[in-house]
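Engineer: Which chain is which? The protein sequence lines are C and Z, in order.
Residue 108 in our numbering sits at position 127 of the first sequence, and the numbers go up by one each step.
Residue 156 in our numbering sits at position 74 of the second sequence, and the numbers go up by one each step.
Using N, Cα and C, we set each Cβ at its ideal position, and we do this for glycine too.
Before I ask anything, here is the structure I am working with.
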Amino acid sequence: MKLLVTFYDKGTNPIIAKAVMDTGVLINVERAVINSSEGEALVDVPDDACHIVGEALKRLGADVRIVENGVSRDLNRCVSCGACISICPKEVFSFDDDWMIVTDEKKCILCGRCVLACPHQALTISY
Amino acid sequence: MHKSIDLINQRLQDGTAKIVTADQMPAIVEELGEEGALAEVDVVTTGTFGAMCSSGGFLNFGHAEPPIKMERIWLNDVEGYGGLAAVDTYIGATMQSETRGERYGGAHVIEDFINKRPVELRAQSKGSDCYPRRSITTELTIDDLNQAIMVNPRNAYQRYDAATNTSNTLLYTYMGTLLPNTGNISYSGAGTLNPICNDPNFRLIGSGVPLFLGGAQGMVVGEGTQHSSSSGFGTLMTTGDMKDMSSDFIRAAIMHRYGPTLYVGIGIPLPVLDIDVVRATAVRDEDIMISIRDYGVPSRNRPAVRKVSYAELKSGSVELNGEEIRTSSLSSYRNALAVARKLKDWLDQGQMTLSLPTRYIDTARISRPMRETKRVTLVSEIMDTRVIMVKEDEEIQLAAKKLLKGEANHLPVQNNEGCLVGIVTTFDISKAVVHPERKLKVKDVMTRNVITTEANEPIDIAAQKLEHHHISALPVVDAKGCCIALLHASDLGRLITSHGGNQ
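Pasting the structure below:
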């Protein structure tokens, strides 16, 4: 399961590392953006440890949200061209046997590259 | 054996004609042989569905009271052509909205009309004795128009070269998003289903031949603009009634930072007259070769990286320099199949009669580049050669002095050999002063990945680099990598504004 962690310092406080030490759960940082006043990290956590890692991060001062589904596709707009396939760093998109686009949202890391690349504005990132 | 067009039409009328989609033809020929396939199959339907920028439609609004000769015309704030007196216009797919920019364009106006949504017409005129009215604003749906005739100057490209990007910059092009460092390949076209690929000698496709256009029955006008049949890049001019079209097969689209375009579904039924038609329609994806071109080179002559077949592109990845590079299609093969199948349905139901061209398309045409009578302005003509430089091992105080003395914002940084190795700005120096930890030398604060230009580069390409990277100056380097001048955004801005209209 993926958690979106937002923290409001310069990244000097190693809260993700602390959360790992506090809980003993190994987590994978899939994407992180940190600037001068706040930061955001998308972390992948084993499903059964999601709650305790979330609580640990909250105790360390971060906002934590569970990312239910990453990218979503408007089937009325999508024409199954495939413009999204090669630009996705996580291979979320592929063709099925009938040349229809299928998505594996669980792999999505919310980078948003496909949202700009879709010629038909069929993709949105929601979390 | 030869089958006449009349015989095939008779079978279509009787409901006895055998119709297949073009993707099935290779297997049929393999199984039955060429003679067997000729005896078995009467019509092959083709299809393609992709971005066809050179598309649009003629609209007639009917006369207003009092009447107006429209000279400037907007539909939902997208300008249409105003030189067709009095209440006609041509709306082109790629024209952008004056209020919504690249998010809405002529393609969207066309899709809105086809979906029977209301569209605001606004027009102006200088007024005349016969057409006294000066302006008009009204809301119209496609049912209010006398005619809405799609006429697309350049459609259904026989094939289209694929795109990649060897530069280190992310590019947004009409070929979609191209990742830096050959990160992906994008292509367009239906390969084995493509109409012209199934009739490369234009024996069947020509003026007056019926086709599927956007869900309506239309026809081939003739060769399209930029038609280059002798090099395997034929195009078609097509027409059809927008009132009969469906947004299943006409879709507005936006290529990020390029603008609006129109996805068009086109299919042409090909009567199987003789063995030559059988051979041509047995074309496979493996047989259709194109080049992968490097869009990292901002020139008309984009270098070809390698040749590739549609079969390889459709497999999902292509090998380039020992690496598997993933591919993306911009056109929809799924919808191309839907076009070919819909066309087959029409024929199965006897809704369409086939015909041979009333005028044949030239098979020896070659498209030439533009003859330019005015030389483009080069970087060398506006660059600033009084450039002050600094060495990488010098202290930042010296850089600060040089910036102050030269009243400059940018200092190119050289190594001992005189090569450009970085650039420092007043911002970099200020930052170093505020955060002084161990930053003493120029090389500690400089930007190392410098975006550069060359003296013989056209200024528009330099302008694109400045805009893309949000920077305000480009060091001009020579062949040895030495900085010989600076190009300032301000000088470029003055020149481009003075020429007018240059974005």
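(1) Since CYS89(C) meets chain D, which of its residues come closer than 7 Å, beta carbon to beta carbon?
(2) Would TYR442(Z) and GLY288(Z) be called neighbours here (beta carbons separated by less than 9 Å)?
(3) By Cβ distance below 8 Å, which residues in the same chain neighbour ARG199(Z) in space, the five residues on each side in sequence not counted?
(4) Which bits of chain Z does GLY63(C) rub up against, with CB to CB less than 7 Å?
(5) Between LYS88(C) and GLY258(Z), what straight-line distance do the alpha-carbon atoms span, to the nearest angstrom?
(6) Mind checking whether ILE348(Z) and VAL291(Z) have CB atoms under 9 Å apart?
(7) My output table needs one value for ALA0(C): the three-state DSSP class, helix, strand or coil.
(8) How close, in whole Å, do the beta carbons of GLU193(Z) and ALA362(Z) come, if the pair is a contact with beta carbons under 8 Å?
(9) Taking 9 Å as the threshold (beta carbon to beta carbon), is HIS84(Z) in contact with chain C?
(10) Along chain Z, in chain order, which residues have C-beta atoms closer than 9 Å to that of LEU97(C)?
(11) Have a look at ILE267(Z), GLN240(Z), ASP96(Z) and ILE155(Z) and flag the residue whose alpha-carbon is nearest the alpha-carbon of THR248(Z).
(12) I want to see whether chain Z comes within less than 9 Å of PRO100(C), judged by CB atoms only; does it?
(13) Of all the options ALA146(Z), ASP573(Z) and PRO108(Z), which has the alpha carbon lying nearest to the alpha carbon of THR220(Z)?
(14) With 9 Å set as the bound, which would you pick, yes or no: does the beta-carbon of GLY132(Z) sit closer than that to a beta-carbon of chain C?
(15) Residues in the same chain with beta-carbon distance under 6 Å from ILE566(Z), minus the five sequence neighbours each way, listed in chain order, please.
(16) Can you tell me whether HIS26(Z) is buried or exposed, with buried defined as 16 or more other CB within 10 angstroms of its CB?
(17) Cβ of ALA393(Z) within 9 Å of Cβ of GLY271(Z)?
(18) Counting only the same chain and skipping the five closest in sequence on each side, list residues whose C-beta sits under 7 Å from that of LEU293(Z).
(19) CB-CB under 6 Å to TYR163(Z), same chain, minus the five flanking residues each way: which ones, in chain order?
(20) Can you tell me whether CYS95(C) is buried or exposed? The criterion is at least 16 other CB atoms within 10 Å of its CB, across all chains shown.
(21) Counting only C-beta atoms, is VAL34(C) closer than 9 Å to chain Z at any point?
(22) Taking only three categories from DSSP, how would you classify GLN431(Z)?
(23) Applying the 10 Å Cβ sphere with the 16-neighbour rule, what's the burial state of GLY341(Z)?
(24) GLN479(Z): which of VAL515(Z), ASN228(Z) and MET465(Z) sits nearest, CA to CA?
(25) From what residue to what residue does the alpha helix (DSSP H) around PHE195(Z) run?
(26) Is the CB-CB distance between ALA167(Z) and MET177(Z) below 9 Å?
(27) I'd like to know whether the C-beta atoms of THR343(Z) and CYS212(Z) end up nearer to each other than 9 Å.
(28) Just mark VAL379(Z) as buried or exposed, buried being the case when its beta carbon has 16 or more other beta carbons within 10 Å.
(29) Is the shortest distance between the beta-carbon of ALA335(Z) and the beta-carbons of chain C less than 9 Å?
(30) Of all Cβ atoms in chain Z, is any one closer than 9 Å to the Cβ of VAL83(C)?
(31) Is it buried or exposed for LEU286(Z), if we count other Cβ within 10 angstroms and need 16 for buried?
(32) Taking PHE294(Z) as part of the alpha helix (DSSP H), name the residues at either end of that continuous run.
(33) At a CB-CB cut-off below 9 Å, which residues of chain C make contact with ILE267(Z)?
(34) When the cut-off is 9 Å and only beta carbons count, does SER114(C) lie next to chain Z?
(35) At 8 Å on the CB atoms, spell out the chain C contacts of SER414(Z), in chain order.
(36) With H, G and I counted as helix, E and B as strand and the rest as coil, what does DSSP make of ALA571(Z)?
Structural biologist: Taking the coordinates as given:
(1) Here chain D cannot be found, since the structure's protein chains are C and Z.
(2) yes
(3) THR223
(4) SER410 and SER411
(5) 23 Å
(6) no
(7) helix
(8) Rounded, the Cβ-Cβ distance is 34 Å, inconsistent with contact.
(9) no
(10) TYR254, THR259, HIS338 and ARG339
(11) ILE267(Z)
(12) yes
(13) ALA146(Z)
(14) yes
(15) VAL558 and ASP560
(16) Since the first residue of chain Z shown is 83 and the last is 585, residue 26(Z) is not available in this structure.
(17) no
(18) GLY300, MET301, VAL302, THR320, ILE348, GLY349 and ILE350
(19) THR171 and TYR172
(20) buried
(21) no
(22) coil
(23) buried
(24) VAL515(Z)
(25) 188 to 196
(26) no
(27) no
(28) exposed
(29) yes
(30) no
(31) buried
(32) Segment 292 to 295 is the beta strand (DSSP E) holding PHE294(Z); no alpha helix (DSSP H) there.
(33) SER67
(34) Given that chain C is displayed from residue -18 to residue 108, the structure contains no residue 114(C) and the question cannot be resolved.
(35) VAL60, SER61, CYS62, GLY63 and TRP80
(36) helix
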